[in-house]
Every structure is written in C-alpha cells, then in structure tokens.
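Heads up, the numbering used here is the position in the sequence shown plus 20, with the first residue counted as 1. Read through the structure below, which is laid out as structure tokens, and then see the notes.
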Amino acid sequence: MARRRNTPGHAASTFHLETLEDRILFSADTALAPLDILPEPEYELVTLQRSETAQTNSEGQVQASDVAIRELIIVDSEVSELDKLLDDLKLSSFENTHVKLLDAQSDALSQISKILAEQQGLTTVHLVSNGSSGMLELGGQQIEVLDLLSRAEELSAWRSALAPDADLQLYGLELTADGSGQQFVDTISRLTGATVGASDDLTELIVQGNGSTSESHSASQVFTALDSQKNLPVVSQQAELSRQAGNVNELSAFGELDLDIVDSVELVFIDESVKESEILFESLRDDDKGTQWLVVHIGAHEDGIDRVTQTLNGLNNVDAVHFLTHGDGQGIRLGSQTLDLNTSEQYAVAIASWARALDDEADLLIYGCDLASTEQGQELIRRLALACDCDVAASDDVTGHDTLGGDWLLEYTVGDVQTDIAFDDAAQAAWYGALDITTGLLLHNTFDTDASDSSGNSYDGTLTNGAVINTFGGTNQIGDGKVHLDGNDHYVDLSTHVANFDNLTQGTIALWVYTDSISTETVILQASDSGDNDSRLAVIRDGDEFALYVNEDTTTELNVVTTSANITTGTWNHVAVTVDSSGNKVFVNGVQQSVNYVVGSASTNRFFDDVSQLDFMAWGVNKFNGSSLNSDYDGFLDDGRVYDRALSSTDIAQLYNYTGVPNPQTFTVTNTLDDGSPGSLRWAIDQANSNLGNDTIEFNIAGSGSQVINLGSALPTIIESVTIDATTQTDWSEQSFLAIVIDGNNGVFDALTFSASADNSEIRGLIVRDMGQHAIVIQSGASGIAVAGNWLGKYDSDGSIVSGEDNAGVGVYVYGDNNIIGGSTDADRNVIHDGSYWAGVQLDGINATNNTVSGNYFGTRIDGNTQVEVAYAGYGVYLDNGANSNTIGGATTAHGNIFGGVWEGVRFDDAATSNNYLYNNRIGLGADGTTLMWVEVAGVRIEDAVGNVIGGVGVGNTFVSSVNHADHVHIDGADSTVIQGNYIGTDSTGTIAGGAWEGIDVDWSDNVTIGGTAAGEGNTIANNDNGGVVIEGLTTQGVSVRGNSIIGNDKLGIDLNDDDVAQLNDAGDVDSGPNALQNWVILTSAAIADDGTFSYELDTSTLASGTYTVDFYASTDRDGGQVEGERYIGTVNGVADGNTSLSGTLAGITLASGEYVTLITTDASGNSSEFSNYAVATDSDPNGAGPTHVLATATSEGGLSINQDSGNDTYLEMDSSSLLNGLTQFTIEAQLSIGASPSNPYILDYAYSFDSNDLSLFMSGNAVQVNLDGVNYAFTGNYS
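Structure (structure tokens):
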C-alpha cells in the first residue's frame, strides 16, 4: 500500500467550488419531507465547473455557465407541505421550466401521459412524489413494475416529449432500496428511453463531500442537486445514485474531497461492460488500514477517459487507482473509449493531470485481460507510469475465474507496486467471468427469457413464426433457457438492427448449437439483401460440418468449410468464425479446425461490409427473393454473440468453457406434496435446476415431528449445483431425530439423481426409504457431491426400525468421481441399511474414481452397536466394473466405517477395479469398540480385482465377528493385493476374541503381500477356527507372509493347500502347489544372551537352489501343540541352500529363555512357507554376562547377599536330580532385600525337567506366591 502524503501544494485541481445561479432558490425551512424525519444537511450543494472556462465576478466568485435546457416539474398533490413547495417554485422563476400538479382523484399515469403529449424537446422531467421500496406513490396510487409493463405502449409514447439523452428524475424515497426498485427504474428507462435517476434510501439524490448524504432537502435543494449533476457525465442508463456501505462509497457526483482524514484511499473505476460487477465491488478487500473505498461506474456511452480525469481532478491523496474493465493486448475499455497508445497521445494532458490526485508511491492496477501480453500494451503501461508519476501493474493473461483459464495475478509491473488486489478471495471465487470476452461485443442474445440483446446496444431480436424460448433445464447450455427453432420457418429476426453491422470489416460470430439429427444444409446466422438471391453472409451447418459463406451479387467472396468438425447430434456444440485483416479462422468446441476453401483462402478477410444493401438479419433461416425462406434451422441455439473484433484462440476457448454467471438462490420446501406445486420438494429441485449457481433447498414445513414426502415417481434429476439441507427443518437433531422422510412406497424408481452437471452438490439430513430402486444415484461425470448425515433404509425419524420399509436397491450408487459419502464427524455420518442383495454404497465403473466413503455405519441401527438384522444378503460397500483409486475409511479412526450385520463388509469385483484403499474400518465391531456383530461371509472379499490395499502403517482395519463361519479377508483371483497393519480376529488391545473361520484366505491370487518387516506393516491374525493365513490354488504364487503376529488360531498359523496338515519338507523342494509348497529352513537350535544376542543354527539342505529370506518369530506357548509366530523378532537375508549346519547371530533381539522360536522361509519370488518346526530358546550365557564384580557377602542373620553392586542377572544354581525328590514336606526360609528392578522377581525355582518349573517361589507385587506344578498359591502378608 502506498504511504500517506500530506503536502499542501499537491491538492491543486482544475475544478473549483461554485455558487449557484440566482435563479435557484435556497430555502432551508421548506422541506420536501421524507417519510421519516431526518436532520438538516451538513453541506451546501455545489456545482463543478472547469477553471479554464469559468468567469469570475468582482467578488472573486465564479458564475455558472448558462445551460440551454427545457425542464418540466410534475408534483404529486399528496406530497407533504405541498403549499410551501409550490410557493418556493413560484418564487424561483425557473427559466424554460414548467410546474404541473397531479390531481389525486384521477389516474396519475394518464395525467402524466396527457401532460407530456403537449410537450416536446424536454431535457429533464422531475417527478416529485412519495415512494417506498419498488414503487412510486402518485395520487394515492401505488405504481409498481407490473403497472408499468401493463401500460408499456402508453409509457413508450412519452419518448415523443423528450429530447435525446433526456433525464427523468424520480424523488420517491427508498424507491431503489432493493432489487424490485432497481427493476422499476430499469423498466421505466427501457420504456421511455430516458436516463432515469432515483433514490435508494431515505436521503435524496446526490452524494456530498466524501460520501455523506444531504438529508431532508428543500425543494430548491433538490433541484439544485439536479442542476449540479448535469455538469457530470451520466454514468449509466440508470442514473448513478449514492450508496454507502461501511467504508465503500459508490459515487455519482461530488465536490473536491480532502481525504487526508483517513489513512488510506483507493479508487475503483468499473466499466459498465463488466457483467455482475457488484459481486466484486461488494466484497472489496478488508484490511487493518481502514481503507476508504471510492467506486465509480463508467457508462457504456460516455467518454471513460474524461470520466476518470474529472473524478481524479476532484480528489487528492489517493493511494491506489483500480481499473476493472475488459482489455486485450492493445488497450483497455473505458466507456465509449479505448485507452491505448493512440488515445494516450490524444489525452496526454488529461492523463498527466491524474498525478495531482495521487499520493507519493501511488499505484495503478489494471485488471483488463492480456494488456501486458504485447509490446504495445507494455508501452502503454510505461507511458501511464511516466505520465502519472506512479507505479503500474497489469495482467499479461486472462484475468478472472480459474474455470475460464483466468487468475487475479497482475504479472507485469512498472515500479514497485505494493497495493493488493482490490477484491477479496471470496469475491474472486464467486465472480464467474473473465475480463476480455465482452470487449467489442455488439450483439449478445442469451435466449434465457426472450430474444433481447444483453450487450448494452439494445439490438433486440424478435421471435418469429413460432420460435420460442425453451427453459426446460435438461437441455439448457448457458443460463436459464435457449431458443427452439423447429425447422418450419421459425427464426429470430434481427433485421431492424442490420444497419449496425453493415460496416463491420472484422469480427467474430459465436454461439452454441444443438440438433437431434444431421440433415442437409441449414442456416445458423444470416445477413442478406433479401431482394437478391445471392448477396449474403451466412454461417451454415452442412451435415456434421460448419461453414462460413460470403457472397456479393453473383460473386462468391469466401466459402470455407470444416473438414472434420464432426458436429455431434444430441449434444451441444460451440461454433465460431473470426475475420480480421490477417484472414479467417473457424472453431468448433473451442478448437481451431482444419478447413477446405471452396472459394478464398486463409488470408481472405471478407465480412459484413463486403455485402451491400443488407436489409435482413436473423438467427436460423435464409431469406431471399424478397420473402422466401429456406434452409431453416431445426434444434436449439444458445448464447449467440457477434463481436466487432476477431477473438483470439484463447478468447474462443474461454467462450467454450464459459458457463454463465451464477446467481445462487435459496428455495424453501413448505409442504409434503409431490405434485410439483410451489413449496414442494419437486418444485424446489426444478427451481434449482433452472437457476445457475450453487442453490440451497431448505425445509420449513409447518408442524412438528416427522414430515413424510411420499413419492409417486423419481424426483427431477439434479442438473445444477444444489445443497439439499433437511437439517433446517424444525425438530431435526443431529443423529437422533431426522424430521424429513422421503418414502418411495416401493415404487420402481430412484429417489434422487445427481447428473454430471450437478458438481459440488450436497444432500444432508434426510431419511430415504422404501425405494423400489436406489435411494441416491451419482451419475458418471458428477464430481464433488457430498452425501452426509442421512439415514438410508428402513428407519423412522427417531431412528427406530420400520418393518417393510427397506430400499430394494443401493443406498448411494456412485458412477462419478471425487465424491464424499460421509465424513469424520458425527454430523457427516450416514447410517445405511440395505435390505436386498445390493449394497449400502456401490462404486461402479471406470469413472468412479477418487471417491471417499468414510465415517458411516453400515447394517446397524443409529447407535452403531446393534445390527438391524442378524445378517442381510447385502454388502456394506461394493466396488465393481473398474472403480479405482477410491478410499473406504480414511487417515484416522474417525474416518473409519463400521460394518455389522452384513453379508460382506466390503466387496471388490472385476479385474479393472484397482488401487482402492481400506483404512481404519471396523468390520464386525461396534462403535463402542467392544460389541461384536455378525459378518456372514467375509469382512472383505476381493474377486479378480487387482492392486488393492487393505490397511497400512497406522491405518489398519479391525476384523472381528460374532460368528465363526466367515473369512475375515478373502482374496480370490486378486493379484497384487496388499494387506498390512490390520487386526484380524481381535482388536488393537488384544482383548477381543472375534475370530472367523479363516483369518486371511488367499485363493488363486499371485503376488499378494501380507504384512511386512518394517514397523507397523505386520498384521495381527488371531482366534480363528481354522487357519490364520490359508493359501490355496495350485498355481498361486508369490504370496508373501512376513512380519505378522499370528497366534491362537485353532489350526495352522499358515496353511499351504488348505488341508490343515503341516507341509513336510521334500528333498530339493520339487513339489508344486500354492506358493510352490515352499519348504522351510529347519531350525536346529535357538539361544538368547543377556545382551540380546540371538544365536541360531539352521539346516538348509532341503531347499531348492537359491537364496532365501528367513524371518524368526517368538511365542510364549505351544498353542495346543503347534507353534505359530506371536511376534516377529528378526530376519536373516541371503540364506543359501545346501547347508546342514548354518549358524549365525542377530543383535538387539528381545527374547526370553524358554520361549518358543519358529521361522518362515520366503524365496526370491515372494513365496512364503508355513511356520517351521520350533526350538526352545536356551540361555546362551547361563552364568550371566560375566559381570565385572559380583559381591557375595554373609548377612548379619547368616544369609547370603548377592548382586549388591551391579552384578545384574547373577544367580545361584544347583544341579541335582534328588534335591527335593521324594519329600512330602519341606521348609523354605529366605531373608531378602529386592531392588527396584526387576518387578515380581523369582526367589527360588525348582525343576526336574528341562522345560518346566515344578516349584517356584516368587514375589507378585508386594505378596509372596508359590507355584506348585502349575497352580499358584497366595499367602497373607506383604513385603515392603
């Protein structure tokens, strides 16, 4: 931001404050009273005159120049203090001014029409009355927009009384306070052709000083204000009025403002050609500098450079000036002028005067597209910086919304520009425009409601011979409608405006076309000499090709046809042609086309000006021989545009990507009807579909409790972005009471469908039940749809179960991408029960990518702990037909889904269904983390799908079940599946036993990864009735089982061939089967030293030739005779075959003497063996680690003290087979003192065999216990 400068000499201005002419009276006590009592004005109204033309009197005062005007004042007899007002007017002796009084007993508009019928050449008409928002009060009547429209012909006759560019000033207070008032002003302006000014608050017409308003004006003050305004350019068809909001002042006329009283002043000029600019200037940047914003609108028909000059010459100490307008590489648009290198020379003195208004280090920011993209544009920027003594920034590419290829970066600067972009991030995101696709726009037929021209030129068309505007949302392209021509001489007539196109030497014709069939040649746009069979310019669709044809008399000047445009039937195609001095180009769907020149070449530049005597112009038909019509178009046309410049290829691409300007609305459902009447849900969806923007549907149905909407057919397909928010209904309570119920009554249709054009929609807080098909469908191409906080299935509003109200199809059927079902919060959770063979959520097809299903309950009641049924024949989530890169669950436990009472929790099908991820889900375990629920067939089943991931480091899933006839994870034909970090048959605490038939069943699937040796990769697989990991299928290869904790399974921990029999090693490992029935290395011995050194001896003689990886595992017991692998302890790589006695060590191993050690052998192809034989770990240093000093001293009581000082792990041992044998009783007496470690120490162990302790005396906490032959005995008394 530029710094504040306060130099007295800098505020010089070419304008001076003037006193008013003697003919204008000032009467502070005669008020044209507003409806409320307001204070007297703080400032005297002034007029502005240029100093170089002013004349001074003897007293040094400047006299205002006489203005040749004819004015008429019409006063409503109902105005307060009428007599005083009329007296003032009589005394004023206005020259060329007449005052007329309306009779309160007669129709006011009729009286005005009669008065104006007797007038002509009026420059200004003042209509003085009362008013309120959207209406004038005349003669006791309230005149609204509908009254104006119903008498349109009568008001249009007022034009005959008005001079060109006449003004009509309306003094009804608060007339334009809202949109209806703005519409009133616009309507009367269009009907009368006058520039109309009106008030938008309880003040009158003119802003004074720095934007504060004069209030409670007298009659003469009002007219003084009008007289002052005449010396300023009119800024728009609707006269610019004052509007102040916070620190933003929208200015129309003001005196010289001393702005030193504020910290920062920034001025924004907005060209009228910038559509929906209010979205931007109503969200000007808010900062801590208390910036005072001044906003000035530049009208389409005024000299914008003069407007800027005049405005700046009334200001001083301005920190920054922003130009919001359209531009290109040559210049920027300012009203009727273009500021470019040529005009910068013509206006050099005026532009130099701008410097007087600017502060030191002031900045100019120019938002017009592409200005800095050329040398000419950059030279203009340098000239402005030099002339204004300021820093300048401008854009070298598209400025505007990113969906149109734009941004809000001003890439090219001269000097050090420190000012930020004027518009905040929200405004930038909300304004769906770009600042160059309207420069030079002569004609723009949006066809949303009629054939009017929205370019500002009023080249309105006429719907002829039955042409109609079609607003059916399903086929709209841009905005709310399009024109329908049926091929039966229907067309849009533009002939009354053809003269405005007659001299075009260059330009662009662009529009959207839609047809259901490819036929012979039809005309899209034509301009012709209708009396001549040959002279015409025509844009043509010829079959599936697109052409431009220019003919003068009998000479064809240009005939160019695309060669492979392939205009497609049944969909919209964007077509465009450009002509300039360099030649012609043809575009289809944003891309320049290869063409065939029947006549002419790429350099031929024939256009409208090359066709003489143009008298006919139309969309959709060819006219010749005076009145004959043919080649009429059959289909839809939309967003027709004609420019007076050749758009660049970038511009054409922007037009192709342009979707219109959104205008979000809120539609409220107020009843439970299903007839499409206002207030119904069906009506609300229709309204949202017909409105561009992210609309909201809220609910406000009278009454309390549940509100059931019974459907007779599918609701309208949603084709626009919309939020359907049922949480707005009375009595809704998060996850405890959903008040809005959509009931399909078992009708064979889907409830709600989101189309590909409904991106970023949301549906929240609904119950959808008893659908004969699916509850919610998200079609292919639909993206960013959020389904959150809904209950889908046979639920009532309070969460209870309603018998017979199941949905027969899927809860949420997703064909699209990047959609979110659920979320990580309670508010986002969906509760879904599918009572059929379908799924709660189905992701289907190759376009179903990057979707997230998280935080939902499947198959349960709303508490997440109770299954709706024992097991229904459906899936929780089903992925099929190439669904890929989707996430089920998420990064935290809050993102995980809960599945209970399901046939299968998650199911994958189809080879192309790949790269999907399951994270942090709980299958068979309730929301409370302790309740087990039914899983009928499998927690996760993957059939033929390739490359999917179940779990991972820190994001593993939990698989348990209250029944034991399911597989937790079943892999069938699913190559390259990764299963890591999961809890299978238990939970992370290890306290829950929820085993199934098999933990993981891998069938006919290659290169599957189960676990891993890095931290967190291993799975815990426990408590299953059959095997922990079962690998079957004769050709199954490369199933790697490493680093897991496999324990407590009734059969084998790892079972190759699913035969419940441990595979015996065969000589040379030549047998075949799952994982090639990989032999395991024989574990000859295992030992552990006090320092954690693990010693092993192996026999590798039964291995086939090669090198292998050997993973060691430790277990605390033999688990019924077999030993699995309770915990992974280490790996030896590169183990070679053929060695009967291979020994080695591993350091840093945690293992206790007496624990059981097993191993798994994995070959270079990833084939893992079953668990090997086990060995009991011995103590490799039974005498301890050889402490450096062990003190054994006699105690005072005759005992022995050991390890007094650092002799850790030292103990006394007696080896005698007859020490206690045969004794029926004995006494053990010990006096001891125990240090801090270890806890629960053993005092005495006695064993008569190697692997069992028959008698142990030990401490348990503070108590002494004895274990005799496996039974513990506790005693009273505590150690302290």
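Even for Gly, the Cβ is constructed at its ideal location relative to N, Cα and C.
Could you say which of D444, A407, Q398 and L404 lies nearest to E431 if we only look at CA atoms? Locating residue 431 in the sequence shown gives position 411, where the first residue counts as 1. If you compare the alpha carbons of D444, A407, Q398 and L404 with that of E431, the shortest gap goes to Q398.
Below 8 Å between beta carbons: does that hold for V822 and Y833? The residue given as residue 822 occupies position 802 in the sequence shown. The residue given as residue 833 occupies position 813 in the sequence shown. No, Cβ-Cβ distance for V822 and Y833 is not below 8 Å.
Report the rounded CA-to-CA distance for Y877 versus Y835, giving the unit in angstroms. The residue given as residue 877 occupies position 857 in the sequence shown. The residue given as residue 835 occupies position 815 in the sequence shown. Looking at the two C-alpha atoms, the distance is approximately 21 Å.
Can you tell me which of the three DSSP states I371 falls into? Walking along the sequence shown from the start, residue 371 turns up at place 351. Correct three-state label for I371: helix.
Could you say if the stretch 1087-1105 and the stretch 1177-1196 meet the contact criterion of at least three C-beta pairs nearer than 8 Å? Counting Cβ pairs under 8 Å, three or more are found: they touch.
Under the three-state reduction of DSSP, which class applies to P184: helix, strand or coil? Within the sequence shown, the letter at position 164 stands for residue 184. Of the three classes helix, strand and coil, the one that applies to P184 here is strand, per DSSP.
For E98 and G160, what's the separation of their Cα atoms in angstroms? Numbered from its first residue, the sequence shown carries residue 98 at position 78. Numbered from its first residue, the sequence shown carries residue 160 at position 140. One C-alpha to the other measures close to 7 Å.
Span of the beta strand (DSSP E), counted from its first residue to its last, around K643: One-based indexing of the sequence shown puts residue 643 at position 623. First-last of the beta strand (DSSP E) with K643: N642 to F644.
Name the residue from A368, T1120 and V437 whose alpha carbon lies nearest to the alpha carbon of L1103. Here residue 1103 corresponds to residue number 1083 of the sequence shown, with the count starting at 1. Residue T1120 is the option with its Cα nearest to L1103.
Per-residue DSSP class, three states only, for G1281: What you label residue 1281 is simply residue 1261 of the sequence shown in a count that begins at 1. In the displayed model, G1281 falls within coil according to three-state DSSP, outside both helix and strand.
Euclidean distance between Cα positions of D790 and N765: Taking the sequence shown and counting its residues from 1, one reaches residue 790 at position 770. Taking the sequence shown and counting its residues from 1, one reaches residue 765 at position 745. Their Cα atoms are separated by approximately 5 Å.
Three-state class that DSSP yields for V205 in the structure shown: In the sequence shown, counting from the first residue as 1, residue 205 sits at position 185. If DSSP states are grouped into helix, strand and coil, V205 belongs with the helices.
Using the Cβ count rule (16 or more neighbours within 10 Å means buried), how would you classify R849? Indexing the sequence shown from 1 puts residue 849 at position 829. Looking at its Cβ environment, which holds 16 or more other Cβ atoms inside 10 Å, R849 is buried.
By the 10 Å Cβ neighbour count, where 16 or more other Cβ atoms means buried, how is Q362 classified, buried or exposed? The residue you call residue 362 lines up with position 342 of the sequence shown. Sequence check: residue 362 is Asn here, not Gln. Around the C-beta of N362, fewer than 16 other C-beta atoms lie within 10 Å, and the residue is accordingly described as exposed.
Reference L731; option with closest CA among R702, V998, V615 and D630: Walking along the sequence shown from the start, residue 731 turns up at place 711. Comparing Cα positions, the closest option is R702.
Those residues which DSSP pairs with T1129 across a bridge: Within the sequence shown, residue 1129 is the residue found at index 1109, counting from 1. In the DSSP output, where bridge partners are listed per residue, T1129 has T1182.
Closest residue to T540 among N520, V559, G563 and G1168 (Cα-Cα distance): One-based indexing of the sequence shown puts residue 540 at position 520. Of the candidates N520, V559, G563 and G1168, the one whose C-alpha sits nearest the C-alpha of T540 is G563.
Measuring straight from C-alpha to C-alpha, what distance separates G809 and G1073? Position 789 of the sequence shown, counted from the first residue, corresponds to residue 809. Position 1053 of the sequence shown, counted from the first residue, corresponds to residue 1073. G809 and G1073: Cα-Cα distance of roughly 42 Å.
Segment limits, alpha helix (DSSP H) that includes D745: Taking the sequence shown and counting its residues from 1, one reaches residue 745 at position 725. Run containing D745: none in the alpha helix (DSSP H); it sits in the beta strand (DSSP E), V742 to D745.
Report the residue from R626, E298, I544 and N709 whose alpha carbon sits nearest the alpha carbon of E572. Counted from its first residue, the sequence shown places residue 572 at position 552. Answer by Cα proximity: R626.
Near T750, what residues of its chain come up, given a Cβ to Cβ distance below 7 Å and the 5 sequence neighbours on each side ignored? Within the sequence shown, the letter at position 730 stands for residue 750. The answer, listed in chain order, is S724 and A759.
Could you check where the beta strand (DSSP E) with V328 kicks off and where it finishes? Numbered from 1 along the sequence shown, position 308 holds the residue referred to as residue 328. First-last for V328: G324 to L332, but that is the alpha helix (DSSP H), not the beta strand (DSSP E).
Check whether the Cβ atoms of D992 and I943 sit closer than 8 Å, and answer yes or no. Residue numbering aside, residue 992 sits at position 972 when the sequence shown is read from its first letter. Residue numbering aside, residue 943 sits at position 923 when the sequence shown is read from its first letter. Taking 8 Å as the cut-off, the Cβ atoms of D992 and I943 do not count as close.
Rounded straight-line distance, which links the Cα of D427 to that of L404: Taking the sequence shown and counting its residues from 1, the one referred to as residue 404 is at position 384. Taking the sequence shown and counting its residues from 1, the one referred to as residue 427 is at position 407. CA-to-CA, the gap between L404 and D427 works out to about 23 Å.
Please classify S775: is it buried, with 16 or more other beta-carbons within 10 angstroms of its beta-carbon, or exposed? By one-based count along the sequence shown, residue 775 stands at place 755. Within a 10 Å sphere around the beta-carbon of S775 sit 16 or more other beta-carbons, which makes this residue buried.
Just list the alpha helix (DSSP H) runs in the stretch 483-510, keeping only unbroken ones of 4 residues or longer that don't cross its boundaries, in chain order. Counting whole runs of 4 or more residues, the stretch 483-510 contains no alpha helix (DSSP H) stretch at all.
With distances taken between CB atoms, is the gap from N604 to L578 smaller than 8 Å? For the purposes of this step, residue 604 is taken as the residue at position 584 of the sequence shown. For the purposes of this step, residue 578 is taken as the residue at position 558 of the sequence shown. Yes, the Cβ-Cβ distance between N604 and L578 is below 8 Å.
Check G1038 in the structure and name its three-state DSSP category. The sequence position of residue 1038 within the sequence shown is 1018, counting from 1. G1038 falls in the coil class under three-state DSSP.
With a Cβ-Cβ cutoff of 8 Å, do V1155 and Y1128 count as a contact? Within the sequence shown, the letter at position 1135 stands for residue 1155. Within the sequence shown, the letter at position 1108 stands for residue 1128. One thing to note: V1155 has its Cβ within 8 Å of the Cβ of Y1128.
Proximity of G460 and T394 at Cβ, strictly below 8 Å: For this step, residue 460 is matched to residue 440 along the sequence shown. For this step, residue 394 is matched to residue 374 along the sequence shown. Going by C-beta atoms, G460 is not nearer than 8 Å to T394.
Top-ranked residue by Cα proximity to D445, from A320, L429 and H915: In the sequence shown, residue 445 corresponds to position 425, counting from 1. Of the candidates A320, L429 and H915, the residue whose Cα lies closest to the Cα of D445 is L429.
For N904, three-class secondary structure by DSSP: Translated into positions along the sequence shown, residue 904 becomes position 884. Collapsing the DSSP output to three states places N904 in a strand.
Taking A1283 as the reference, which of Y1262, G1290, D1274 and D1289 has the closest Cα? Along the sequence shown, one-based indexing puts residue 1283 at 1263. It is Y1262.
Terminal residues of the alpha helix (DSSP H) in which Q707 lies: Working through the sequence shown from its first residue, we reach residue 707 at position 687. Element bounds for Q707: L701 to N709.
So is F492 buried or exposed if we call it buried at 16+ other beta carbons inside 10 Å? Taking the sequence shown and counting its residues from 1, the one referred to as residue 492 is at position 472. Burial call: exposed.
Taking only heavy atoms of the ligand ADP into account, decide whether any of them is closer than 7 Å to the Cβ of T482. This structure lacks the ligand ADP, and indeed carries no ligand of any kind.
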